[in-house]
Every structure is written in C-alpha cells, then in structure tokens.
Amino acid sequence: MRLSGDSEIQQLISDTLAQRPYSHDQTVRDDVVAVITVESDMRFFPDTLAAVLRQSVLPSTIVIADCSGQTLQSVQTSFKVIPTQADALHGVPQEHTVHVQVLKVAQARSFGDAVAKVLRNAQIDTAAKTLWLLHDDSRPADPICLEQLLDTWTNTPTAALIGCKQLDWDAVRLHDVGKYASHHEVVSLVVDGEPDQEQYDSRSDMFAVSLAGALIPVNTWRSMHGINAWFTTYDESADFCRRLCRAGKRVVVVPSARIAHRRARFEGIRTHDGQPTSDGRIIDTSMPQLSGEQKYLYTDVTAGWWPLLWVGSVFACLFQALRLLFRKQPYRAWCMLCMPVLALLNVPPALVARHRLKLVQAISRSQLSNLVADRAQLKIWNARSKAFADEQDGVVLDPLAQSHLHRRLIRRWTYALLASVVAFLCLMVMYWPLFGPAFAGGSLYSNQLPATDATFRQLVEAATTTWNFGAGTGVAAPPAPWLLVLMVASVFTGGHVAAAVTSIFFLSAPACVLSFWALAGVVTRSDEIRVFCGLLWFATALSLGLYSSANLPMLTVMVFLPGAFALCFKAVGMYRTEQPVNPRASVQAAAAAALMFIPAVAAEPQLLLALIVVFVAFLVFVRQHRMMLVLIPFPSAFAIAPTLVNTVRYAGNGMMRQLFGDVMVPVEQVNGAPRLMNLSELTWRAFGIAPPTQWGTWFTLNGARDAALFIAACLITMLAVIALLRPSVFRASRILWTVSLCGLLLAMVSAAVVIAAEPYGPAAGSVLPGVAMALCGIIANVAVLAGAGTKQFTRLAVEHVSNGPARIAGRVAVAFVLALTSFAGIFYGYQIAYRDGIGQSDYALPQVAQEYLRADANRRILALEATGADTIEYAVMRTGSGDLIDSSPAQRAREAVEGFADGADQTKIARAGAQLLAQNDDDAIVQLSDLGFGGIYVVTDGHDARTLEDPTLGHPLRSPAQPEVQGAWPDPYAHLRAVCRFRGHRRYRLEPAAPEEGRSQPDP
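Residue numbers (full-length UniProt numbering): 1 to 1004.
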C-alpha cells in the first residue's frame, strides 16, 4: 500500500493508507469513482483522504489529481477490503480491491478543469457510473456521507446531480444547503456561519448545489460536456447546475450527507496559485468573487441586452463602490469599479458560455418557480443575516429592542428637525427682505463681505490659482482657502456663485442646529437637552453678529465644527448610546470627521493651530484607537496647503499672520487694533458690545440688553465648570474643556496679530474663531450636566422606578437655562440684525462695461472716488460688482508687512487716480491704460454726471451718479461700496505738490 515516490503528496498518501483502520463494516461500490484535487497547499489533504477511507461505502477507485507539480509520472497503489456478509457462515466473504491513482494535472484553471483533465488520463473501469468530486479541503463530515448520497441516487433515479450540505471545517456551522435562483444570481437563503440544527434538512430539489462532495453520474457529465472552467472555482457549480435545470434535469441536495469544507481559497488562506499564505495573512478574494458573479449575470441575460446592461452596470458599480467605501471596504470598492472593464474583456468567452446554455435550454425560468427565491424569502434572509452579523459584533437585538430603538429614532429626529425648522423660520423673519431679491440675481453684502458677480469659471480660477487678481495689476499670493468651500456650494446652485452665497447664509441656520445637536448627543441622549443646545448654538451665531455681517466663513465654522468634534468622539467610541446598544469605535466616523474639519479650517485657517493642540490632548485622554485621531487633521492641512507653504516659505517676513485672516474685509468695529486682551475684553469684542464705562450704562435699554447677554454667557460658563465634577463623564468633560481653553488662547493670540493695514490703522485678527471654538466646548459641557438621559429599556411591564427627584430636577434646570439663554441670544440677534450693513444689491457697472469685462477674463476697470479733500479710494474690478473672490488675506498680510514701494503698481494707480480726480489730467488716463485698465469708473457727489473717455472702449463711461441710479443710494460712498463690494480698495491722501507732479502717498 506504500507508494515508491518521495514527493510530499506520495508520502502523505502512504502515511494515510498505513493509518487506515481495518474494518469489516465497509463495502465497496464498483460503479463509484472518487476524484480528489490537490494543490501545493496540502494542509487539509490528509484529513480529507482519511475521511474518505473511513466511509462505510468505499469507491472502487480513488483518483487524486495532483495540481502541485510534484508528480512527474502517474503512480498507483491499492488495498483490500473484506466486508462482513450476513450469511458469512454459509460462504467465504468476497474480497474487494480499492485502487488509488495519483495523476499529474498541469495548468488547471479551476476545480472543474482539473477534474476534466484527470478523467482523460485516469484508468477507470467501464463499470463506473458516477463520480464523487472532492476538493482537498472538503472532507466527509461522517462515515456515512457517500452512503447517503448513493441511497438518494437509488431512490431518485431522475436526479442528474446530487449535492451535500456544506459545513465549516469543524462540521458545526453551516455554509449552505443548496441554492435558489434569484435575479440572475444564486442565493442559499442560509445564514453563513449559523449553527447546524438540521433546520434546513427538509430541502430536496434545488437550483444549484456545491460541487464539493457532489455525486455526478457519468452520463450527466457527458451530456453537459463537462464544467465550464471560465467561471472559475467560485461560480462553475452555479453555471453547471443552471444548465442542468434549464435542460429539465433535477438537482437534488441531501442534507444528511455532510461535507466539512474549509474553503481555503475563498476565505483567503490560500493564494491564487495554490500556495498557503504565510504568517496567518488573509487574502482578500473580492476580485474573483465579484468577477464570477458578473460572469453569471451576463450569461443569464440574452446577449442583445448586454450593451444596455453594461451601461447600467457602470452607474450601479459607482454607487456600490461608494457604498462599500462607507462600509470600510476600500479594496472591494476598487474591485467593483473594475467590473465594467472586466465585462468588456470577457465578452468573447461570455458569448461561448451563453451559447452552451442555449444549446441545452429546454424550459424557461418561469417553469422553475419552485426553485426561485421570492422577495419575501430574500427579505427574511437579509434580516437574519444582519441579525447574525450584529450578534457576532456585540449585543443581540430582539424584536422588542428593535421596536424600542425605532421609536426612539423617530422621536429623536422629529425633535431635531423641528428645532432646525424653528431656526430657519427665525432667520427668515429677520432677513425676509433679503431672501427673494438675493435669489433673483442680486448678491448679499455687508460692511465686511464684498458682493459677487463672478462666474463659476472665475471662482474656480481664483480658488485654484496662486495669483490674486484684485490687487492692482495682480500679485502672487495663495488663494483664500474658503473659496474652495464656495466652489463646492456653487456646484449645488448650478454654478451661480451669488446664489451659493445666499444659500450658505440661509441654510446655515438649520445646519448649525443639527450640527450641535449631534455633538450634544455625545454626552447625553436627552432629546430636550440636545434640541436646546442646538438652538443655543444658533443663537450664539446670531449674538456674535455672524448674520448681521453675513460672515460666511464663520457661519461655515459654526456648521461644521461641532459635527466634526462629534464624529471624533464617535471614532474612538466615547459617546452615549440608546439602551441596549453599546458604543463602538468607528474608522468610518474618523474619516467623516476628517472631511468635516476641512470646511471649518478652510474658512478660518487659524483653527488648525488650536486643533493640533486639541488632538494632542485627545491622545492623552483617549485610551484606545489613538492612531485614527492622529490622521484626522491631515486632510484639513492638505486643503490649505498653499497657505501653509506660503506661510513657511516667508515666515521670516512675518507671513504667519495670513493664517489669522479670512475673506472678510477687516473693519474697526470687529477687528480693532492689535493688543493683548483679557477674557472680559474678548467677550466684549466678540459680541460687538462697547465696554461699560459706568454703572449707569447698564440701566439704558441697550445697556440692559447687553448686560443680559453678558450674564447669560457667564451663567453658561459656570454650568460648564460644574460639569467637571461629574466623574462618569470626566474624560469627555476634560476634552471639551481643552477645546474651550485652546479656543480662548487662540482668540487672545489672534487679537494681538496684525493681519492688514486699513485706513483706521493696523487691523488685528478676528477673535470670533477662537471664541466660537471656546463656546462650542462650553455649551457641550453644559449638556454633560443632563446625564445620560436615556430611556430605560425593559422587555416586561414592571413597576415604574423613579430616576430620582434630584436627577430629574437637575435636568429640568439645565433645560430651562438652555432655553432661556437661547431666547436671549435670538432676541439679541434680532435687535442687531442690520447693525453691520447687511443688504442685497443688484447694482453693477453699466451694461457696456460688464460686456467688456465678460469678453476677456484679463480685462479690468478701475473704480475711483474722492472721499475727502485730500484722500481718494480705488478698487480694481474684473466683474460688474467688484468681487468677493478677489478678497485675499495673504495679500492683505503682505501689504501690512511690506507696505507699498514707490514703484509698486498700487502706488502708480493711486498717483494716476489722484491726478485724474484733482486735475482731470489726460496723462493720468494714459498711465492707467498702460497699466492694463480698459475703463475708469468715477463716483462723484451730487447729481451731476461726470464722464471720462474710455481709452479702450472708445466711448464715454458714465458714473453712477445719474438720478436713476443714485436714487437708491443717497451718499456716493455707499454706492461705491455697493458697486465695488470688494472693499479692498486703497485709500490715499493727496500731497500739496505741484499740479503737474500729482504725487500721492498711502494714508498712514
């Protein structure tokens, strides 16, 4: 019984045969041939061969197809079996011989291909009528497996293929018990991995079975022309069974015949060429799995429909790829994107497979209705699969728990949506006069926000080009990062930039509420507390004057910053959940947090400095999953990479200050002069309140309003300090306080940094980003005081147990304070709604000038105004309304550091403009024309219309001081701001020099 060779496979066969237990209870069937395929990975082959040798009924021939390349020449051996007969006393038992053949199989493409090749060379008795096919990793789970298959074959002579129940290697958990047809695929309706409790043993006729352990009559093999190896090992059984069923033949599963299948290649512990993986590495087999499913899909459809099917599959694969990315399966998503390309490459073999199916097709799919899974069965199967996956991951949710969570979900989102609607209605009431006109073609503006008349193409160029077009004749400077946010928003408005500005303004209100509602949900599940926290956050935006000044960058921060922090907590599993669900860490949440930080940091780059410190604190306080936190800030830094590179490159010149600027134009009331401030001064500056000089100031109407707001801020801060005393959420409270302290420090630093040189003097950075970040942590800490706030889930009706009067009273008190401060903030925002000059303007240059600018993106028009006896202001216009997209914090920071050289273009423009307005000098027009300006737009006081000849257009351009235009703007300076909302214009004082010199210098 021992083979003479010294190869690994021959030694394994010899050892297994030598260890075969001697038994008289075995019989031999001469009409059965067992075929076992073996690859280089032989870890499971000895167990499989030993299980075959222990069968109560043995095949007469065991053919071993060696695909490993170790067998150079076919070898064979045999052993004797003497079964015990019932009438042994009256006769001599007949001896049977079992032959074992080892044959070489080269370049087998699949299991079926290996079987087909080995059968052509094997020495098989002509009496053989059926084949028993086995993988090297699919062993019979008990000694009666083959006996059960043969009994079924005897009792069901019309069966063309008989399959087995597929179990795991320990023969405890199920893989499948046959498969049904469904929507151009096959489904088992068995939860892969569930325990085998004989719950599917009533199955008989199926649409498909696994070929591992299957019994195939020889006439079936010949009539179907074998197995199509193009489908590979993963799906060749489905194609083979499909051809049988379409030919009107029966496919039967025998649940009592059990196969323990390791599925080495499917589960990724065996490489594509049959080698074992090293060091326990698991290979992702998504590509062959998806490819096999696609092959089955296309060959199940008439070839005439393939082009339309391919077009649909492109969109379906894109959708599925995104879905898989959100499920944290990036490689499988990549494989899904490759499927349309593979479909094109597989057209020729697919046509062959389709032709083979049509040759045997005798009955339609409708005639196989009992073998097709309906929607109800699929729905139940999917629900059971999901429940089993949840059981593997954590808590098992029964129907009562699921019903409880569903009710809580509806209640939670109803409250949140109602709160967001309330915020939106409040904003609409305050700014209704701006809503309609803004969407009718006008643009929002304020004392700080320039208007916009830019096209989407101009916006894209400004957001992605390191050149600022609005400063003189242009200057090399990184673009404002917030323009990327505006660019994305403009995509949703069809490329209308002005409409995108208005959409950000009005939609930020409900978005603010929902964002902070999510952050409050990290520390409490009380619906009321979360709603009031969201409304308080919206009220904070109103109180800070973000809406009265149309501060779109800060509104972007208010929308995205709380949600990003909420996702950070969820990424590390530090958040409250509804009972009985337990919190879990999530890489998906970490990725979403990284994405949500991008708009906030792009709007206010200075936040990146504070976030670095915050994430270091996160690493200290968080116990697990720290690596995810380390990676979260990197996408935000990449989004503002041009600004960071410019900052580092010119750090010696003081360009670090550009991080503290944004697209909003500095004004004295908001930015002020640079100086160090204490906490009270920061509060006054942030809310735009003048510090009281005497007690009597508090007793005026405006003083009482300001005092109420200040007291509300102090009260909220005191409650946040008390949150540190709650030991159950001590880590979360410390992290939130770290956020607040970093925000306050950032505000102090920003208030001391010069970011621009304005007419009133050096302008300091805005304290609003730091204060908003500090208030974000403070309000979230107030929510900590509410406790868990979860509704206790009980499966039985039990006597109500009170949560404690003190706890309920404390939660009610917190809710009352939040509601009161929210009302105070909204009322204050209503009082200051138009304090900072917010408005809507459709004023622009004359139509001829606008057409001139639209004709060529390189054209410019200079707007001039004499604002005093010795001062002028100018703005470079490349659109009809100045433009928001030309507002550059980097350019303002450079001018604050370097000033204006005598030969700089800005100085030349100022001198020529001064000469033009002071002396009506024709040489000044020539100088401005040489600088690239195609027109000059002059704003004058009074109602007399002054005209200047346009050197490029060839006809006069009238100033907007005509009665039909000037009527809505009583003062010409206001009208200049409406037309040239850039507010990046330069102010110069005229020197008392000779008229022909026309000298001018910057206003100190």
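Note that the Cβ used here is the ideal one computed from N, Cα and C, for glycine as well.
This one's a predicted model, so the numbers in the text were calculated from it and none came from an experiment.
With DSSP as the reference, identify every bridge partner of residue 59, one or two as the case may be.
On the sequence shown, position 59 is the one that residue 59 refers to. Answer is 29, bridged to residue 59.
Quick check on residue 669: does DSSP put it in helix, strand or coil?
Translated into positions along the sequence shown, residue 669 becomes position 669. Here DSSP, grouped into helix, strand and coil, assigns residue 669 to coil.
Element boundaries [beta strand (DSSP E), containing residue 177]:
For the purposes of this step, residue 177 is taken as the residue at position 177 of the sequence shown. No beta strand (DSSP E) holds residue 177; DSSP gives it neither H nor E.
Over the uninterrupted alpha helix (DSSP H) stretch that includes residue 898, give me the two end residues.
Taking the sequence shown and counting its residues from 1, the one referred to as residue 898 is at position 898. Here the alpha helix (DSSP H) through residue 898 covers 889-898.
On the DSSP bridge list, what partners appear for residue 138?
Along the sequence shown, read from residue 1 onward, the residue named residue 138 stands at position 138. The partner list for residue 138 (beta bridge, DSSP) reads 261.
Cβ of residue 566 within 8 Å of Cβ of residue 628?
Start at 1 with the first residue of the sequence shown, and residue 566 comes out as number 566. Start at 1 with the first residue of the sequence shown, and residue 628 comes out as number 628. Cβ distance not < 8 Å, so residue 566 and residue 628 don't count as in contact.
What did DSSP end up calling residue 19 once you bin it into helix, strand or coil?
The residue given as residue 19 occupies position 19 in the sequence shown. Of the three classes helix, strand and coil, the one that applies to residue 19 here is coil, per DSSP.
Under a Cβ-count criterion, where at least 16 other Cβ atoms within 10 Å of its own Cβ denotes burial, should residue 36 be classed as buried or exposed?
Mapped onto the sequence shown, residue 36 falls at position 36. With a 10 Å radius around the Cβ and a threshold of 16 neighbouring Cβ atoms, residue 36 comes out buried.
Proximity to residue 28 [Cα-Cα], best of 590, 651, 99, 722:
Here residue 28 refers to the residue found at position 28 of the sequence shown. That would be 99, whose Cα lies nearest to the Cα of residue 28.
Runs of alpha helix (DSSP H) lying entirely within the stretch 98-160, each at least 4 residues, in chain order:
You should have 111-121, 145-155.
Going by DSSP, what residue range makes up the alpha helix (DSSP H) through residue 557?
In the sequence shown, the residue the question calls residue 557 occupies position 557. Going by DSSP, residue 557 is part of the alpha helix (DSSP H) stretching over 552-571.
Measure the alpha-carbon distance for residue 54 versus residue 160 and round it to whole angstroms.
Within the sequence shown, residue 54 is the residue found at index 54, counting from 1. Within the sequence shown, residue 160 is the residue found at index 160, counting from 1. The straight-line gap separating the alpha-carbon atoms of residue 54 and residue 160 is approximately 26 Å.
Using the beta-carbon count (16 or more within 10 Å), is residue 80 buried or exposed?
In the sequence shown, the residue the question calls residue 80 occupies position 80. Residue 80 should be labelled exposed.
Look up residue 933 in the DSSP assignment and give the residues it is bridged to.
One-based indexing of the sequence shown puts residue 933 at position 933. Per DSSP, 860.
When DSSP labels each residue in this structure, what does residue 445 get in the three-state scheme?
Taking the sequence shown and counting its residues from 1, one reaches residue 445 at position 445. In this structure, residue 445 counts as strand in the three-state DSSP scheme.
Thinking just about the alpha-carbon of each residue, which of 861, 303, 557, 423 is nearest to the one in residue 848?
For this step, residue 848 is matched to residue 848 along the sequence shown. Relative to the Cα of residue 848, the nearest Cα in the group 861, 303, 557, 423 belongs to 861.
CA-CA distance, residue 528 and residue 845?
Position 528 of the sequence shown holds residue 528. Position 845 of the sequence shown holds residue 845. Rounded to the nearest angstrom, the two C-alpha atoms are 51 Å apart.
In the DSSP assignment, what residue or residues form a beta bridge with residue 96?
Counting from 1 along the sequence shown, the entry for residue 96 is found at position 96. Looking at the DSSP assignment, residue 96 forms a beta bridge with 81.
Assess contact between the stretch 495-512 and the stretch 415-431, defined as three or more Cβ pairs (one per stretch) separated by less than 8 Å. Is contact present?
The answer is yes - the stretch 415-431 touches the stretch 495-512, with three or more Cβ pairs under 8 Å.
Spatial neighbours of residue 666 in its chain, beta-carbon cut-off 6 Å, leaving aside the 5 residues before and after:
Within the sequence shown, residue 666 is the residue found at index 666, counting from 1. Within the same chain, residue 666 has close Cβ partners 756, 758, 763.
Through-space distance from residue 166 to residue 47, alpha-carbon basis:
On the sequence shown, residue 47 is found 47 positions in, with the first residue counted as 1. On the sequence shown, residue 166 is found 166 positions in, with the first residue counted as 1. The alpha-carbon atoms of residue 47 and residue 166 are separated by roughly 16 Å.
Can you look up residue 328 in the DSSP assignment and give me helix, strand or coil?
Taking the sequence shown and counting its residues from 1, the one referred to as residue 328 is at position 328. Reduced to three states, the DSSP call for residue 328 is coil.
Which term fits residue 971, buried or exposed, when burial requires 16 or more other beta carbons within 10 angstroms of its beta carbon?
For this step, residue 971 is matched to residue 971 along the sequence shown. The predicted model places residue 971 with a pLDDT of 30, which falls under 50 and marks its position as unreliable; any figure quoted below should be read in that light. Looking at its Cβ environment, which holds fewer than 16 other Cβ atoms inside 10 Å, residue 971 is exposed.
Does the separation of the CB atoms of residue 770 and residue 744 fall below 8 Å?
Position 770 of the sequence shown, counted from the start, is the residue given in the question as residue 770. Position 744 of the sequence shown, counted from the start, is the residue given in the question as residue 744. Yes, they are a contact pair.
Would you report the Cα separation of residue 824 and residue 540, rounded to the nearest angstrom?
Position 824 of the sequence shown holds residue 824. Position 540 of the sequence shown holds residue 540. Straight through space, the alpha carbons of residue 540 and residue 824 are spaced by roughly 10 Å.
Following the continuous alpha helix (DSSP H) through residue 642, name the residue where it begins and the one where it ends.
As a working note, residue 642 is residue 642 in the sequence shown. First-last of the alpha helix (DSSP H) with residue 642: 641-649.
Just the Cα atoms here: how many angstroms apart are residue 924 and residue 905?
Against the sequence shown, residue 924 aligns to sequence position 924. Against the sequence shown, residue 905 aligns to sequence position 905. Computed Cα separation, rounded: 14 Å.
Assign residue 540 to one of three DSSP states: helix, strand, or coil.
By one-based count along the sequence shown, residue 540 stands at place 540. In the three-state reduction of the DSSP assignment, residue 540 falls in the helix class, which pools H, G and I.
Do the stretch 552-567 and the stretch 591-600 make contact, defined as three or more Cβ pairs closer than 8 Å?
Flag = yes, the stretch 552-567 and the stretch 591-600 touch.
Uninterrupted alpha helix (DSSP H) stretches inside the stretch 455-490 (no shorter than 4 residues)
Correct list: 456-464.
When you compare the stretch 287-302 with the stretch 182-202, are there three or more beta-carbon pairs, one atom per stretch, that lie closer than 8 Å?
Two segments are said to touch when three or more pairs of C-beta atoms, one from each, lie closer than 8 Å; by this definition the stretch 287-302 touches the stretch 182-202.
Give me the Cα-Cα distance between residue 460 and residue 497, rounded to the nearest whole angstrom.
For the purposes of this step, residue 460 is identified with residue 460 of the sequence shown, where counting begins at 1. For the purposes of this step, residue 497 is identified with residue 497 of the sequence shown, where counting begins at 1. Looking at the two C-alpha atoms, the distance is approximately 10 Å.
Cβ neighbour criterion (16 or more within 10 Å) applied to residue 976
Taking the sequence shown and counting its residues from 1, one reaches residue 976 at position 976. Bear in mind that the predicted position of residue 976 carries a pLDDT of just 31, short of 50, making it too unreliable to give a figure here.
I'd like to check one pair, residue 542 with residue 826: are the Cβ atoms closer than 8 Å?
Numbered from its first residue, the sequence shown carries residue 826 at position 826. Numbered from its first residue, the sequence shown carries residue 542 at position 542. Yes, the Cβ-Cβ distance between residue 826 and residue 542 is below 8 Å.
Return yes when the Cβ of residue 134 is within less than 8 Å of the Cβ of residue 212, no when it is not.
One-based indexing of the sequence shown puts residue 212 at position 212. One-based indexing of the sequence shown puts residue 134 at position 134. Residue 134 sits close to residue 212, with the two beta carbons spaced by under 8 Å.
Going along the chain, which unbroken runs of the beta strand (DSSP E) with 3 or more residues stay wholly within the stretch 691-761?
List check, beta strand (DSSP E) in window: 754-758.
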